[in-house]
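Engineer: In our numbering, the protein residues as written are 1 to 416.
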C-alpha cells in the first residue's frame with residue numbers, strides 16, 4: 001500500500017514543492033526509524049552459529065582476547081552504518097533485477113562467456129590522454145590523474161544505457177606518488193568498498209611508508225561508483241544495492257580501468273609493476289592476475305571472491321531467503337557473476353609472485369573466501385592475523401607480508 005504521506009493532495013507552485021519536501025522528509029524519517037528498530041535484531045542474528053561455514057580447508061581459530069573483540073566490533077560498526085544508511089531498492093526495482101539477470105544469462109550463454117569468461121574481458125588500450133593535476137591531502141603532495149575510462153558494456157547487454165548514463169563514472173581517476181630521477185618500481189594499490197577519497201586511501205595504503213620508506217612509486221586508482229565517480233551521496237552507493245547487472249558492469253569496468261592504468265605506466269617505461277588490493281580491491285586484483293601475466297607480484301588481502309557468499313556471510317538466513325523471494329535466485333546471481341569471478345579464470349601471474357592475507361575475526365568478508373582464492377591460486381604464501389576487516393591497516397602481520405612480497409619481487413627497499 002502507498003503510505004498516507006504519499007497520498008497527500010498536490011498543490012501548484014511553491015506549496016507543491018514544500019509538500020514534496022515534507023513527504024520526502026517523512027519518508028526518510030520513517031525508513032530510518034524502521035532501520036534503527038531492526039538493526040539490533042539484525043546485529044544479534046549475525047552472531048548466531050548459522051552463518052555460512054563452507055567445507056574445505058579450515059580457517060585457523062584465533063585466540064579470544066579483548067583486542068580481537070574490539071577489532072571485530074569495528075567491523076560491526078561499519079556494518080551498522082550500512083544498515084542505517086545504504087540505499088535500498090524498491091519492489092519494482094527488484095522485479096527489474098530479476099528480468100535483467102535472466103536476460104543477461106541468456107546472452108552470456110549464447111556468446112559462450114559462462115564457459116569461457118576470458119572472452120568477456122577485451123584487452124583495453126593504454127590510458128590516454130592523461131590529465132595530471134597537483135594535489136595535496138594530509139600534508140602529502142601527490143598527482144591527481146584523470147582520463148576517459150572508455151569502458152562500455154557489450155552491445156546488447158541489459159543495463160548498458162543505464163550504466164553509460166552515470167556521467168561522473170565515465171571519467172577514471174587515480175592518486176599517484178612518483179619519485180623524480182631514475183625509474184622506480186610501481187605498486188598499484190586497488191582500494192576497497194567505500195574508499196576512493198585521498199584521506200581514506202592514504203590510510204588504507206600507507207603512502208608515506210610505501211613511497212618514502214620503501215622507495216616505490218605508488219598509483220591508487222579510484223574504483224567505479226566511488227569517490228569523484230560516485231552516483232549517490234556516498235562513495236560506493238549503487239554497488240551493493242541488489243542491482244547485480246550494475247555489479248557486473250562495475251567489476252568489469254574496475255579491472256578495465258586498472259589495466260588501462262597499468263598500460264599507461266608501461267608505455268611510460270615502467271619495467272616493474274606490482275598490484276596490491278584489499279577487500280573489494282583484492283577481488284579486482286585477483287581478476288587482474290588472471291588477465292595480466294607480467295606483474296611483479298599480486299597481493300590480495302581480506303578478499304571477497306564471491307558476491308553471493310558475501311551476502312550469505314553478512315546476512316542471517318531468513319533475510320537471505322527473503323531476498324531470493326523478491327529478487328533473482330541466488331543460483332542465477334552466482335552464475336551471472338561467473339563472467340567477473342577470479343575463481344573462474346586461471347591466474348597468469350607466476351605462483352611464486354602470489355600472496356594473500358586474511359583476518360581470522362573478519363565480520364565483513366568471509367575468511368573462507370580467502371581460502372577459496374588461496375586454493376584457486378595453487379596455495380601460495382598466505383598469512384593470517386588475529387583481527388577484523390577494518391583493522392588490516394595497522395596489523396603487523398600485514399606489513400610484514402608486504403615487506404616480504406615486495407622484497408622477493410625485487411620492488412624497491414622491501415627488505416628494510
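Cβ coordinates follow ideal geometry from the N, Cα and C atoms, glycine included.
As the structure is a prediction and not an experimental result, all values here were calculated from the model.
Let me know the secondary structure DSSP gives residue 21 once reduced to three states.
Structural biologist: Reliability of the predicted coordinates at residue 21 is poor, the pLDDT of 45 falling under 50, and the value obtained from them is presented with this limitation in mind. In the structure shown, residue 21 sits in a helix (DSSP, three-state: H, G or I).
Engineer: List the endpoints of the continuous alpha helix (DSSP H) containing residue 79.
Structural biologist: 66 to 85 is the span of the alpha helix (DSSP H), which, as asked, contains residue 79.
Engineer: Ignoring anything shorter than 3 residues, give me the beta strand (DSSP E) runs that lie fully in the segment 214 to 276, in order along the chain.
Structural biologist: Taking only runs of at least 3 residues, the beta strand (DSSP E) segments lying wholly in the segment 214 to 276 are 217 to 221.
Engineer: What's the C-alpha gap between residue 362 and residue 390?
Structural biologist: Whole-angstrom Cα-Cα distance: 8 Å.
Engineer: Taking all protein chains shown into account, do 16 or more other C-beta atoms lie within 10 angstroms of the C-beta of residue 298, making it buried, or fewer, making it exposed?
Structural biologist: It counts as buried.
Engineer: Taking the runs of the beta strand (DSSP E) that are 3 residues or longer, which of them lie wholly in the segment 105 to 164?
Structural biologist: Fully enclosed beta strand (DSSP E) runs of 3 or longer: 131 to 137, 140 to 148.
Engineer: Take residue 104 as the anchor and find which of 175, 223, 338 has the nearest alpha-carbon.
Structural biologist: Comparing Cα positions, the closest option is 338.
Engineer: Let me know the secondary structure DSSP gives residue 50 once reduced to three states.
Structural biologist: For residue 50, the pLDDT reaches just 49, beneath the cut-off of 50, and the residue's location in the model is therefore unreliable, although a value from the coordinates is still provided. DSSP places residue 50 in coil when its eight states are reduced to three.
Engineer: What are the start and end residues of the alpha helix (DSSP H) that includes residue 381?
Structural biologist: It is not in any alpha helix (DSSP H) - residue 381 instead sits in the beta strand (DSSP E) that spans 381 to 385.
Engineer: Mapping DSSP to helix, strand and coil, what is residue 297?
Structural biologist: Coil at residue 297, not helix or strand.
Engineer: Roughly how many whole angstroms lie between the Cα atoms of residue 24 and residue 335?
Structural biologist: Annotation note: pLDDT 46 at residue 24 (below 50); position unreliable, coordinate value reported separately. So the two alpha carbons sit approximately 37 Å from each other.
Engineer: Find out if the Cβ-Cβ distance for the pair residue 419, residue 258 is shorter than 8 Å.
Structural biologist: The shown model of the chain, from 1 to 416, leaves out residue 419, and the question about it has no answer.
Engineer: For residue 285, which residues from the same chain have a beta carbon less than 6 Å from its beta carbon, with the 5 sequence-adjacent residues on both sides left out?
Structural biologist: Contacts found: 190, 275, 277, 298, 300.
Engineer: Strictly by DSSP, which residues pair up with residue 186?
Structural biologist: Note: residue 186 sits in a beta bridge opposite 217, 273.
Engineer: Are the CB atoms of residue 428 and residue 223 nearer to each other than 8 Å?
Structural biologist: With the chain represented from 1 up to 416, any question about residue 428 goes unanswered, as that position is not in the structure.
Engineer: Leaving out five residues on either side along the sequence, give the residues of the same chain with a beta carbon under 6 Å from the beta carbon of residue 255.
Structural biologist: Correct list, in chain order: 284, 287, 288.
Engineer: For the 8 Å Cβ check, are there 3 or more pairs between the segment 375 to 383 and the segment 60 to 69?
Structural biologist: Segments in contact, no.
Engineer: Taking contact to mean at least 3 C-beta pairs separated by less than 8 Å, is the segment 246 to 253 in contact with the segment 153 to 172?
Structural biologist: They touch, by the three-pair rule.
Engineer: Taking 8 Å as the threshold (C-beta atoms), are residue 125 and residue 147 in contact?
Structural biologist: Their beta carbons are not under 8 Å apart, which means residue 147 does not touch residue 125 by this criterion.
Engineer: Leaving out five residues on either side along the sequence, give the residues of the same chain with a beta carbon under 7 Å from the beta carbon of residue 202.
Structural biologist: Contacts found: 137, 138, 140.
Engineer: Taking its Cβ as the centre, do 16 or more other Cβ atoms sit within 10 Å of residue 207, making it buried, or is it exposed?
Structural biologist: By the neighbour-count rule (16 or more Cβ atoms within 10 Å), residue 207 is buried.
Engineer: From what residue to what residue does the alpha helix (DSSP H) around residue 356 run?
Structural biologist: No alpha helix (DSSP H) contains residue 356, which is instead part of the beta strand (DSSP E) from 354 to 359.
Engineer: Using a threshold of 8 Å, state whether the C-beta atoms of residue 279 and residue 304 are closer than that.
Structural biologist: It is a contact, given that the beta carbons lie within the stated cut-off.
Engineer: Buried or exposed: which applies to residue 281, given that a residue is buried once 16 or more other Cβ atoms fall within 10 Å of its Cβ?
Structural biologist: Buried is the call here.
Engineer: Per the DSSP calculation, residue 102 is bridged to which residue(s)?
Structural biologist: Its beta-bridge partners do not exist; DSSP assigns none.
Engineer: Compare the Cα-Cα distances from residue 132 to each of 123, 350, 264, 40 and report the closest residue.
Structural biologist: Checking every option, the nearest Cα to that of residue 132 belongs to 264.
Engineer: Rounding to the nearest angstrom, what Cα-Cα distance links residue 252 and residue 392 in this structure?
Structural biologist: Whole-angstrom Cα-Cα distance: 26 Å.
Engineer: Among 59, 370, 314, which one has its Cα closest to the Cα of residue 80?
Structural biologist: The residue with the shortest Cα to Cα distance from residue 80 is 314.
Engineer: Return the CA-CA distance between residue 431 and residue 154, expressed in angstroms with no decimal places.
Structural biologist: The chain is shown from 1 up to 416; residue 431 falls before or after that span and cannot be answered.
Engineer: Under a Cβ-count criterion, where at least 16 other Cβ atoms within 10 Å of its own Cβ denotes burial, should residue 325 be classed as buried or exposed?
Structural biologist: The residue in question, residue 325, is exposed, as its Cβ has fewer than 16 Cβ neighbours within 10 Å.
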